[in-house]
Amino acid sequence: MPPEQILVSVLVAGGLTWFLRAAPFAFIGRVRHHPLVQHLSRQMPLGVLLILVVYLLQGVRWETGLATAAALAVTVGLHLWRRSVLLSIVGGTAIYLLLL
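Just so you know, we're using this note's numbering here: the sequence shown kicks off at -3 and counts up by one.
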């Protein structure tokens, strides 16, 4: 492939990527107060985390099941206690690594 074609391809891909990332910010003002957008802004974070947890727990091996369960319990406990995402992630990860 000639260098000019590579350059054009990279520029087109970069322009499309920039547009697709910027487009939601251009339109959010029009729909910000729509009931559906309000509902999704409240419910999606919990839904995304639930899907992530279920997906990750599917791959748990029997050998690491206890460490996974303990790390999950510590993560949930820390988050309910302190409401700090960073503390929850670091604490759960540390327990998991210590128990492996």
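Backbone N, C-alpha and C define an ideal beta-carbon position, used for all residues, glycine too.
Cβ pair residue i, residue j closer than 8 Å
i	j	result
Leu83	Leu74	yes
Leu45	Ala66	no
Alpha-carbon spacing of residue i relative to residue j, whole angstroms
i	j	result
Arg78	Gly88	13 Å
Leu42	Thr71	15 Å
Val8	Pro(-2)	16 Å
Arg38	Glu0	47 Å
Leu53	Ile91	16 Å
Ala69	Val4	51 Å
Arg28	Gly10	28 Å
Phe23	His35	17 Å
Arg26	Ala19	12 Å
Tyr51	Phe15	31 Å
Val56	Val6	40 Å
Glu59	Met40	33 Å
Leu76	Arg17	33 Å
Neighbour-count burial assignment, residue i, 16 or more Cβ in a 10 Å radius
i	result
Ile2	exposed
Thr13	exposed
| message | Which complete beta strand (DSSP E) runs does the segment 0 to 40 hold, if anything under 3 residues is left out? | response | Scanning the segment 0 to 40 from its first residue to its last, no whole beta strand (DSSP E) run of 3-plus residues comes out.
| What runs of the alpha helix (DSSP H), each 4 residues or longer, lie entirely inside the segment 41 to 81? | Whole alpha helix (DSSP H) segments, 4+ residues: 61 to 78.
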